[in-house]
Amino acid sequence: MSLRATILSLAEPSSSETSTLEGIGSAFSSALDSRSPVAIALIAVIVVVLGVAGLRWHRDAARVAKAEAEADVEREARRQAVIAELAARREQRQWVRVPAHLRLELAELDANEHLRVREFETLNISGGGLAFLSHDPFPTGALLEFKLDLGEGRPLVVPGVIRRTEPGPDAESTSLVVLSFGAIDNASRERIIRWVAKEVVREIAEANRGRVCSVCGRPLADTSASPAHFTCLAQAERAKAAEAKAAEAKAAKVAKAKAAKAVA
């Protein structure tokens, strides 16, 4: 069979895919045997077609691999975000909580939308919230604003939310109210954390070394009968005397101003 006849036979509809493939193979074999210019051209066309097909396959494979890599990166980013969120939640549940008797003022709106301020004393405090006792009920989820006096610097004004209320054994008993800090700024939270850390150190020192100084919080000598270091007491006395002197000067100035006003 000549090359032309073979090509014409391939152009005719074949009965099945198998016979078509057999025809292509026969044509290719005939072309190789004939070594004519037409055969060489046919081989070149086949090589070009295979090259283009291979290039397209490679490009498609690269595109698929890139898409899969991007999907893997996105999945890993989501996984890391979930891990970070869970770690943050665990961290918030693991705040160090210490006993604390601090002055607490809570402000909230009553049923008539009037501002109501109540004073309490904290039972304990942590970097995530605090607890106190109350005769009045607090609904879970209630939003309020409170002022917390740490005994150093200006009192903190922080938003909070009531997490839970544990009623006492009878109607006349106080309930334990647990409050979590709301959108607290970093500076305020750092102040609370530092205060809690100092209390932890003080408790450890008191447990390991006995009593601590009532002024500076450092351990006292076991043989000391004083509630504070001598130097701390002296500094406290000087500070107290200075405050008294300043108060006297202020009172004298006010009295002098009143006398001058009366004469005028």
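Here the sequence shown is numbered in our numbering, starting from 75 and rising by one per residue.
Each residue gets a CB set at the ideal place from its N, CA and C atoms; glycine is no exception.
Fewer than three Cβ pairs drawn from the region 135 to 146 and the region 187 to 203 lie within less than 8 angstroms of each other, which leaves the two stretches out of contact. Closest in alpha carbon position to Leu230, among Cys306, Arg263 and Gly242, is Arg263. Residue burial annotation: Ala141 is exposed, with fewer than 16 other C-beta atoms found within 10 angstroms of its C-beta. Taking Asp223 as the centre and dropping the five residues before and after it, the same chain places the C-beta of Leu176, Arg177 and Pro229 closer than 7 angstroms to its C-beta, in chain order. Between Gly202 and Ile236, the CB-CB gap reaches or exceeds 9 angstroms.
Taking 9 angstroms as the cut-off, the Cβ atoms of Ser208 and Val270 do not count as close. DSSP places Glu195 inside the beta strand (DSSP E), whose first and last residues are Leu189 to Ile199.
Boundaries of the beta strand (DSSP E) harbouring Arg238: Leu230 to Glu240, taken from the DSSP string. Going by DSSP, Ser249 is part of the beta strand (DSSP E) stretching over Ser249 to Phe255. For the pair Ala181 and Phe220, the Cα-to-Cα distance works out to about 6 angstroms. Residue state for Gly128 is assigned as helix, using DSSP reduced to three classes. Collapsing the DSSP output to three states places Arg177 in a strand. By the criterion of a C-beta distance shorter than 8 angstroms, Val274 is surrounded in its chain by Val170 and Val172, once the five residues flanking it on both sides are discounted. Take Val252, set aside five residues on each side of it, and the residues of its chain with a beta-carbon closer than 7 angstroms to its own are Gly203, Ala205, Arg237 and Arg238, in chain order. DSSP lists Arg177 as the beta-bridge partner residues of Asp223.
Taking C-beta separations shorter than 8 angstroms and ignoring five residues to either side along the sequence, the partners of Ala257 in its chain run Pro233, following chain order. Exclusion of the five residues before and after Cys287 leaves Pro293, Leu294, Pro301, Ala302, His303 and Cys306 as the residues of its chain whose Cβ lies within less than 8 angstroms of its Cβ. Separation of the CB atoms of Pro211 and Ser249 is rounded to 7 angstroms, and the pair is thereby assigned contact status at 8 angstroms.
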